[in-house]
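Numbering (our numbering), first residue to last: 503 to 634.
Working notes for the structure below.
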């Protein structure tokens, strides 16, 4: 994800996506031709990752990171296979007492923990066959 701004997850009403498909609004989409270009793009996203030192970890992830790869395999101009791979790095849950976070780090930890809780509820709903 190579975006300098906040990215929001929206339902399928954005950009004509199907109802059951989620869209990352504000994310950057780029067409890449080979693995070398993909690595450069990945490194640019890695450089933008929000990390900070805490009592638990010198380079603690302070945000969630998403990389969506949509691959198309073609032979002689004919599309053979279309694949989609979602890679997600979730910022880790932190107990404020253990991490001894204060100020901005404490606020980040509270936000991270809240978003992980919501994600857990979404996964539980999906596993149970309910809408999230």
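Even for Gly, the Cβ is constructed at its ideal location relative to N, Cα and C.
So the candidates are the options; which of them puts its Cα closest to the Cα of residue i?
i, options, result
"residue 551", "541, 611, 567 and 588", "567"
"residue 546", "560, 559 and 569", "569"
"residue 530", "543, 581 and 559", "543"
"residue 618", "595, 583, 631 and 548", "595"
"residue 540", "621, 579 and 573", "573"
"residue 534", "621, 575 and 614", "575"
"residue 606", "628, 553, 527 and 548", "553"
Do residue j and residue i come within 8 Å of each other at the CB atom, strictly closer than that value?
i, j, result
"residue 563", "residue 591", "yes"
"residue 601", "residue 555", "no"
"residue 593", "residue 565", "yes"
"residue 598", "residue 587", "no"
"residue 616", "residue 603", "no"
Counting along the chain, where does the alpha helix (DSSP H) carrying residue i start and finish?
i, result
"residue 531", "It is not in any alpha helix (DSSP H) - residue 531 carries neither H nor E in the DSSP assignment."
"residue 545", "537 to 549"
Spell out whether any CB of chain B is found under 8 Å from the CB atom of residue i.
i, result
"residue 534", "Within the model displayed, chain B is absent; a lone protein chain is all it includes."
Where are the beta strand (DSSP E) runs, 3 residues long or more, that stay fully inside the stretch 555 to 617, in chain order? You should have 567 to 577 and 580 to 591.
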